[in-house]
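Undergrad: This is the structure I have questions about; it appears just below.
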Amino acid sequence: MILRKMFTRKWILTTLLILLGAALCIRLGIWQLDRLDGRRAFNAHYLSVRAMPPLDLNADTTSDLASMEYRAVTVRGEYDFSNQVALLNQYHEGLLGYHLLTPLLLPDGRAVLVERGWIPAEGSGTPEGWTRFDEAAPAQVQGVMRLGVAKAPFGGRADPTLAPGQTRLDFWNFVIFERLAAQIPYPILPIYIQPNPDANDNKPPIPSQPEIEITEGPHFGYALQWFSFAAIMLVGYPFYLRKQEAA
């Protein structure tokens, strides 16, 4: 009787809205479970690579570096300051600035990008202003490997395309290897390095690394909430109709 009433002319629109709302809540619950799986996979990967010994990039020429994000790494070489770029909108202790991203030339001819760290925005609006942060050669870098992005993430400001006659961008929003490689005159490895911070060194460029929390986040709780909303709609709606019928 209640099922028949749900699809009468009087109630069919409400019924369809309830079913649509419940389906949406179920889908959002599944999405949160998918995010939970992704978080668990990230946690497992992070703990695995952090347990590995530092990778010596000078000695290793065969590893799949793209599968080792966050692994400790060490490398020595010579910086090519003429091809460095800056990452926009970087902060250090509340001060706006840039992060310098500089190619490090290895003795065997390979190169890897190093995110050397934060510099103040004042006086750094052109590449000529970055020369005061040049470091003596050779350089020995210890840090972690990071991956770039294929394109600007959703909601992020995409890096502009080159204007006619323009050969390079000096300022970037994201580390996009395909585009960066197009303006660097030699091959670069598919990872970049974030050097280990030194709490006793506050002289720019100041390196930094993200703080990683090994948690599962709120995703399971959110999934339960969405599934609960769906259950309330699917179970509560027939009870509401029954009450209306008895009135």
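When we follow the working numbering, the leftmost residue of the sequence shown carries the number -8, and every step to the right adds one.
For every residue, glycine included, the Cβ atom is placed at its ideal position computed from N, Cα and C.
As the structure is a computational prediction, the values presented were derived from the model and not from experiment.
(1) If you run the structure through DSSP and keep just helix, strand and coil, what is L225?
(2) I believe R107 touches P196 by the beta-carbon criterion, under 8 Å. Please report the beta-carbon distance rounded to the nearest angstrom.
(3) If you draw a straight line from the C-alpha of N80 to the C-alpha of L87, how long is it?
(4) Only counting the same chain, and skipping five residues up and downstream in sequence, which positions put a Cβ closer than 8 Å to that of T158?
(5) Taking the Cβ atom as the reference point for each residue, do D71 and L97 lie within a distance shorter than 8 Å?
(6) Check I179 in the structure and name its three-state DSSP category.
(7) Please identify the residue among V105, Y37, K142, W2 whose C-alpha is closest to the C-alpha of E202.
(8) Answer yes or no: do W2 and L171 have a C-beta to C-beta separation smaller than 8 Å?
(9) Check whether the Cβ of V140 sits closer than 7 Å to any heavy atom of the ligand MG, and report yes or no.
(10) Is the beta carbon of I184 sitting closer than 8 Å to the one on V76?
(11) Quick check on the burial criterion: 16 or more other C-beta atoms within 10 angstroms. Buried or exposed for V226?
(12) Note down, in chain order, each residue of its chain lying with its Cβ closer than 6 Å to the Cβ of M59, except the 5 sequence neighbours on either side.
(13) When the distance is taken between beta carbons, is W217 closer than 8 Å to Q23?
(14) Below 8 Å on the Cβ atoms is my guess for R31 versus M43; work out the distance and round it to an integer in Å.
(15) Can you look up D47 in the DSSP assignment and give me helix, strand or coil?
(16) Can you give me the Cβ contacts of L56 inside the same chain, cut-off strictly under 7 Å, excluding the 5 residues immediately before and after it?
(17) Between which residues of its own chain and F165 is the CB-CB distance below 6 Å, once the five residues before and five after are set aside?
(18) Here's the rule I'm using: 16 or more other beta-carbon atoms within 10 Å means buried, otherwise exposed. How should P198 be labelled?
(19) Could you check what DSSP says for V40 in three-state terms: helix, strand or coil?
(20) For L79, report the span of its beta strand (DSSP E) as first-last.
TA: Well, looking at it:
(1) helix
(2) 4 Å
(3) 7 Å
(4) Q174
(5) no
(6) coil
(7) Y37
(8) no
(9) For the ligand MG, the structure offers nothing, since it holds no ligand at all.
(10) no
(11) exposed
(12) V40, M136
(13) yes
(14) Actually they are not in contact, since the Cβ atoms of R31 and M43 sit about 20 Å apart, beyond 8 Å.
(15) strand
(16) M136, L180, P181, I182
(17) V140, A143
(18) buried
(19) helix
(20) 76 to 83
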